[in-house]
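Worksheet: the structure to be examined is printed underneath.
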Amino acid sequence: MNETNVNLTVLIVEDELAIAEGLVDLCELKGYQVKHAADGITGLSEALSGKYGLVLLDLMLPGMDGFTVCDKIREKDKDLPIIILSAKNSDKDIIDGLKYGADDYIPKPFSVPMLVARIDAVLRRSRQATEGDGKLAAGNLRINFREYVGTRGTEELVFTRKEIEILEYLWNNRDHAVPRAELLNKVWGYENAEAVDTRTVDIHITKLRKKIENDPSHPRLLVTFRGEGYQLRATPE
Ligand code: CA
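Quick note: the sequence shown uses this note's numbering, first residue 899, plus one each step.
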């Protein structure tokens, strides 16, 4: 038997067999190892086994719903990439999915090329080379990119891997406003960033502001420049 490469192994948590089989075929065709779990409880225990480089997670599942699975994975594993695939695709569902620590959210029905592009992006991307000292200091905000933790004044903050990747990229490029497409390309690894639902970026930014801004409705550190992108400032303005 070939040695399993964790980074190229996908866990599919999906109760609809027809969809699951389609996803399994697709992943195998792309050369990935695949395991299928048909309910939330099995999906969670598999996900925590350390055997996977990516979880594709449905939301409406028997046993345990996808939001809970996602939340429980994140309690134990901040790093494992999770993409939610769901027919529930209101803004609120997307926000909930990302709130529970998913990296991305793909609405069903999805286009196969787009899904493949996203799977490839997650599995083949190696983390950006680290620049600087791995730390951020801006206003009363302190973040340690290596430990995924920080403080805002006296409040302690904990970040997901994706949040840290976004903050680190913006911090390393803080001399300019970073366009959404650049974030999708550099942080999510999507080559064809124009084809990706931009709400993923916006929702992550909103979530980050709730953590790092003193007043998230009036951001002074993580600022939007309309038509240009996002800038993380060393000095609040
Ligand atoms: Ca389902």
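Built from N, CA and C at the ideal position, the CB exists for glycine as well. Quick caveat: nothing in here was measured; it's all calculated off a predicted structure.
Looking only at C-alpha atoms, which of ALA985, ARG972, VAL932 sits nearest to SER1009?
Walking along the sequence shown from the start, residue 1009 turns up at place 111. If we check each option's Cα against that of SER1009, ALA985 comes out closest.
In whole angstroms, what is the alpha-carbon distance linking ILE1101 and LEU996?
For the purposes of this step, residue 1101 is identified with residue 203 of the sequence shown, where counting begins at 1. For the purposes of this step, residue 996 is identified with residue 98 of the sequence shown, where counting begins at 1. One C-alpha to the other measures close to 8 Å.
Validate contact between the region 1028 to 1043 and the region 966 to 982 using beta carbons, cut 8 Å, 3 pairs
Under the Cβ criterion (8 Å, minimum of three pairs), the region 1028 to 1043 does not count as touching the region 966 to 982.
DSSP-derived helix/strand/coil call for THR966:
What you label residue 966 is simply residue 68 of the sequence shown in a count that begins at 1. Reduced to three states, the DSSP call for THR966 is helix.
How would you write the range of the alpha helix (DSSP H) that GLU1063 sits in, first residue to last?
Translated into positions along the sequence shown, residue 1063 becomes position 165. That run of the alpha helix (DSSP H) goes 1059 to 1070.
Nearest to GLU1045 by alpha carbon, out of LYS928, PHE1057, LEU1039, LEU1021?
Sequence index remark: in the sequence shown, residue 1045 carries index 147 (1-based). Just measuring C-alpha positions, the residue of LYS928, PHE1057, LEU1039, LEU1021 sitting nearest GLU1045 is PHE1057.
Check each candidate in VAL911, LYS928, VAL932, GLU919 and name the one with the smallest Cα separation from LEU957.
If you number the sequence shown from 1, residue 957 lands on position 59. The residue with the shortest Cα to Cα distance from LEU957 is VAL911.
Distance CB(TYR998)-CB(THR1098) smaller than 8 Å
Translated into positions along the sequence shown, residue 998 becomes position 100. Translated into positions along the sequence shown, residue 1098 becomes position 200. Contact: no.
Mind checking who ASP1002 pairs with in its DSSP beta bridge?
Residue 1002 sits at position 104 when you count from the first residue of the sequence shown. DSSP, once it has assigned bridges, lists ILE981 as partnering ASP1002.
For a test of your reading of the model: does the CB of ASP919 fall under 7 Å from any non-hydrogen atom of ligand 1? Yes or no.
Residue mapping note: residue 919 aligns to position 21 of the sequence shown, counting from 1. The displayed chain sequence assigns Glu, not Asp, to residue 919. It does not: the Cβ of GLU919 is nowhere closer than 7 Å to a heavy atom of ligand 1.
Which runs of the alpha helix (DSSP H), 4 residues or longer, sit entirely within the region 917 to 963?
938 to 945
According to DSSP, is ARG1040 part of a helix, a strand, or is it coil?
Numbered from 1 along the sequence shown, position 142 holds the residue referred to as residue 1040. If DSSP states are grouped into helix, strand and coil, ARG1040 belongs with the strands.
Here's the rule: buried if 16 or more other CB atoms are within 10 angstroms of the residue's CB, otherwise exposed. What is ARG1016?
For the purposes of this step, residue 1016 is identified with residue 118 of the sequence shown, where counting begins at 1. With 16 or more other Cβ atoms within 10 Å, it is buried.
Coil, strand or helix - LEU1130 by DSSP
As a position in the sequence shown, residue 1130 is number 232, starting the count at 1. In the structure shown, LEU1130 sits in a strand (DSSP, three-state: E or B).
Compute the Euclidean distance between the alpha carbons of LEU983 and ARG1040, then round it to the nearest angstrom.
The sequence position of residue 983 within the sequence shown is 85, counting from 1. The sequence position of residue 1040 within the sequence shown is 142, counting from 1. Approximately 34 Å between the Cα atoms of the pair.
Where does GLY995 fall in DSSP's three states?
In the sequence shown, counting from the first residue as 1, residue 995 sits at position 97. In this structure, GLY995 counts as helix in the three-state DSSP scheme.
Does the region 1060 to 1074 touch the region 1126 to 1133, meaning 3 or more C-beta pairs lie closer than 8 Å?
Enough Cβ pairs lie closer than 8 Å, so yes.
ASP991 Cβ short of 7 Å to ligand 1 heavy atom set:
Residue 991 sits at position 93 when you count from the first residue of the sequence shown. No, Cβ of ASP991 sits at least 7 Å from all heavy atoms of ligand 1.
Backbone CA spacing between MET962 and LEU954 [nearest angstrom]:
On the sequence shown, position 64 is the one that residue 962 refers to. On the sequence shown, position 56 is the one that residue 954 refers to. Rounded to whole angstroms, MET962 to LEU954 spans 15 Å at the Cα level.
Taking all protein chains shown into account, decide if PRO994 is buried (16 or more other Cβ within 10 angstroms of its Cβ) or exposed.
Within the sequence shown, residue 994 is the residue found at index 96, counting from 1. For the sequence presented, residue 994 should be read as Asp rather than Pro. By the neighbour-count rule (16 or more Cβ atoms within 10 Å), ASP994 is buried.
Could you check what DSSP says for THR1096 in three-state terms: helix, strand or coil?
Residue numbering aside, residue 1096 sits at position 198 when the sequence shown is read from its first letter. Correct three-state label for THR1096: coil.
Spell out the partners DSSP gives ALA1035 in its beta bridges.
Against the sequence shown, residue 1035 aligns to sequence position 137. ARG1040, per the DSSP bridge assignment.
Hey, how far is the Cα of LYS933 from the Cα of VAL967?
In the sequence shown, counting from the first residue as 1, residue 933 sits at position 35. In the sequence shown, counting from the first residue as 1, residue 967 sits at position 69. In a straight line, the C-alpha of LYS933 is about 16 Å away from that of VAL967.
Nearest by alpha-carbon distance to TYR1088: which of ALA936, GLU944, LEU1013 is it?
Stepping through the sequence shown from its first residue, residue 1088 is reached at position 190. Nearest C-alpha to TYR1088 among ALA936, GLU944, LEU1013: LEU1013.
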